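J.: Below is one structure. I have some questions about it.
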């Protein structure tokens, strides 16, 4: 009874609402190909049974010594076989075209949504899951939508046309088929559950393995420093063992289900020959009709035999559809689709801004205003909210309360693409692409090669460019942290901007190069607003004002020299020789 109940559940594929909804959407987006494919499948199903029927007729006419009409039957047979091949080629072409369209459409939709998702949400996603979704999962959905499902539909239609033909030739055989072929469903309940579990586990292990590989090679230096190579290898080995077990379980489940159909596939024709043979002896059936029945009867079982795999595929799509839905419903940057507006992007104002997350209070009711052209250094202990504040200005992080304004406008009402085109951000993460250094520098702008060369000279990158003239590729690791930092700085400075935000932009530079780069940055941004985080006195001295944060609150905000003088936090800096040199300060505290 339990197995029968399971079989009943398996038959209800309409319960897989996400899968059916996803497939429906795919067919709606590719309506022409779907309709054309359906027409070809129907024609194939009709043409597919004709050869068996015609061969039976030819045998009967030849056995009876009748040659009248034999030629036309042979012509019909040739046309049916040829037409079937043409239709198969047409279907393969449609499948190929649809595969490309479906894969591109799904990948584009997922990537477009992820690219415009909130940064906070994205940072919480496992990269292995994202990679799994845009690679294997898309490939699986494509295969099922443009191949498996049409093939199953073809089998169903062939079974229907075969049933009609068999009923016309000798209907008692259908009674035999009705008794024998439902036995195919007996192992379906247990088998489908085994395959479901194996498929689900396989997908999860693949995603974990991909994520682990990405994480491992991103942190390979740390792994080597801590001598954790063996531990990492063992973790990956554990994932591979799980993968092997899942593959074994899937293999057993698939072959277990195949064993029963193999027996029945032999039993069906045997019963046909028995019952049909008796009919031939009694003169109720011709030899040609027996040949037709023997050829068509197995076609009745094909959709039943294929149903287990089809059901598993639908449930795989159901699981994938759940993951796709998670990505496609990712919280979107709300201001991304807003119309662009004419405005200045040179002032910043925080009005009672607060932010709380799972780690606690990050910013607590902070308010300040930065005017056009001001140079502001943000300082404070690690974790006080400096980087978060910078990210808020460009909408990468949204506050729980309060308002962030740029150019006098609430950034929640500004198109974030336009906002980021006018406000350039240099973060601590110095990402360098595999392409050449010149292409890396010009990635965000349409600047000329001469402008890039000039920027490289200003940032001391001429020798680096000469020694890495082509794409970096495998030589990417030869580019030092300081060189990456300067490439990142140059990439931002080559773009037109109204405001520049920097998160410890020179943290990996030696003192001499740091001074050269900072001088160049502030000379380039002379008339524009600059807001940056700093931990060194020398970099603080480029600022007109200091915004001192402590535990998510503003501890002090004012002219550079005054803030340094009145806060004990800066005592460790003021003891340095650099601070004692009064020439470091000019009116307003800026260097």
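Numbering (the numbering used here), first residue to last: 879 to 1469.
From the three backbone atoms N, C-alpha and C, an ideal C-beta is built for every residue, glycine too.
Only a predicted model underlies this, so the values are computations on that prediction, with no experimental measurement involved.
(1) Taking the C-alpha atoms as reference points, what is the distance between residue 879 and residue 1086?
(2) Give the straight-line distance between the Cα atoms of residue 1084 and residue 1007, rounded to the nearest whole angstrom.
(3) What's the call for residue 1160, buried or exposed, on a 16-neighbour Cβ count within 10 Å?
(4) Return helix, strand or coil for residue 1274, following the three-state DSSP convention.
(5) Is residue 1119 close to chain D, meaning its C-beta is less than 8 angstroms from at least one C-beta of that chain?
(6) According to DSSP, residue 1235 sits in a beta bridge with which residue or residues?
(7) Within a Cβ cutoff of 8 angstroms, which residues of the same chain sit near residue 947, ignoring the five residues on either side of it in sequence?
(8) By DSSP, does residue 1435 sit in helix, in strand, or in coil?
(9) Answer with buried or exposed for residue 1053, where buried requires no fewer than 16 other C-beta atoms within 10 angstroms of its C-beta.
(10) State the beta-bridge partners of residue 1248 as determined by DSSP.
(11) For residue 950, count neighbouring C-beta atoms within 10 Å of its own C-beta (all shown protein chains included) and say buried if the count is 16 or more, exposed if not.
(12) Quick check: the segment 1196 to 1207 against the segment 1276 to 1294, are at least 3 beta-carbon pairs closer than 8 angstroms?
(13) Drop a sphere of 10 angstroms on the beta-carbon of residue 895, count the other beta-carbons inside from all chains shown, and report buried for 16 or more, exposed for fewer.
(14) Between which residues of its own chain and residue 1433 is the CB-CB distance below 6 angstroms, once the five residues before and five after are set aside?
(15) Can the beta-carbon of residue 915 be found closer than 8 angstroms to that of residue 964?
(16) Applying the 10 Å Cβ sphere with the 16-neighbour rule, what's the burial state of residue 1174?
(17) Using the Cα positions of residue 1030 and residue 898, report the straight-line distance between them to the nearest angstrom.
(18) At 4 residues or longer, and completely inside the segment 1012 to 1083: list those alpha helix (DSSP H) runs for me, N to C.
(19) In the DSSP assignment, what are the bridge partners of residue 1283?
(20) Check whether the Cβ atoms of residue 1195 and residue 937 lie closer than 8 angstroms to each other.
(21) If we ignore side chains and look at the alpha-carbon of each, how far apart do residue 1331 and residue 1360 end up?
(22) Among 1358, 1294, 906, which one has its Cα closest to the Cα of residue 980?
(23) Mapping the DSSP letters down to three states, classify residue 1457 as helix, strand or coil.
(24) Less than 8 angstroms between the C-beta atoms of residue 1089 and residue 1004, yes or no?
(25) I need the DSSP call for residue 1255, collapsed to helix, strand or coil.
(26) My understanding is that residue 1381 touches residue 1304, with C-beta atoms under 8 angstroms, so please give their C-beta distance in whole angstroms.
(27) Can you give me the C-alpha to C-alpha distance between residue 1465 and residue 1110, rounded to a whole angstrom?
(28) Can you tell me which of 969, 1157, 1046 puts its alpha carbon nearest to the alpha carbon of residue 1027?
(29) Looking at residue 1405: is its Cβ nearer than 8 angstroms to the Cβ of residue 1258?
(30) Can you tell which of 1407, 1253, 1317, 1226 has its C-alpha closest to the C-alpha of residue 1273?
(31) Short of 7 angstroms in beta carbon distance, which residues of its chain neighbour residue 1413, apart from the five on each side in sequence? Order them along the chain.
(32) Taking the continuous beta strand (DSSP E) assigned at residue 1381, which residues delimit it?
(33) So, for residue 1188: in the same chain, excluding its five sequence neighbours on each side, which residues have a beta-carbon less than 6 angstroms away from its beta-carbon?
(34) If we count the other Cβ atoms within 10 Å of its Cβ and call it buried at 16 or more, is residue 1460 buried or exposed?
(35) With a 10 Å radius around its C-beta and 16 neighbouring C-beta atoms as the bar for buried, classify residue 882 as buried or exposed.
T.: Looking at the coordinates:
(1) Bear in mind that the predicted position of residue 879 carries a pLDDT of just 46, short of 50, making it unreliable; the figure below should be weighed with that in mind. Each residue's Cα considered, the two are about 38 angstroms apart.
(2) 9 angstroms
(3) exposed
(4) coil
(5) No chain D is present in this structure, which holds just one protein chain.
(6) 1238
(7) 939
(8) strand
(9) exposed
(10) 1226
(11) exposed
(12) no
(13) exposed
(14) 1426
(15) no
(16) buried
(17) 15 angstroms
(18) 1016 to 1021, 1027 to 1048, 1050 to 1058
(19) 1227, 1288
(20) no
(21) 18 angstroms
(22) 906
(23) Any answer about residue 1457 is weak, because its pLDDT of 45 lies below 50 and its placement is not dependable; what the coordinates show is given next. Note: residue 1457 maps to helix in three-state DSSP.
(24) yes
(25) strand
(26) 7 angstroms
(27) Residue confidence for residue 1465 is low, a pLDDT of 38 falling below 50, so the modelled location carries little weight; the figure read from the coordinates is stated next. Their backbone Cα atoms lie some 56 angstroms apart in a straight line.
(28) 969
(29) no
(30) 1226
(31) 1382
(32) 1377 to 1381
(33) 1030
(34) With a pLDDT of only 39 at residue 1460, under 50, the local geometry of the prediction cannot be trusted, and the value read off the model is given with reservation. Answer is exposed; the Cβ neighbour count stays below 16.
(35) At residue 882 the pLDDT is 44, less than 50, meaning the model places this residue with poor confidence and gives no usable figure here.
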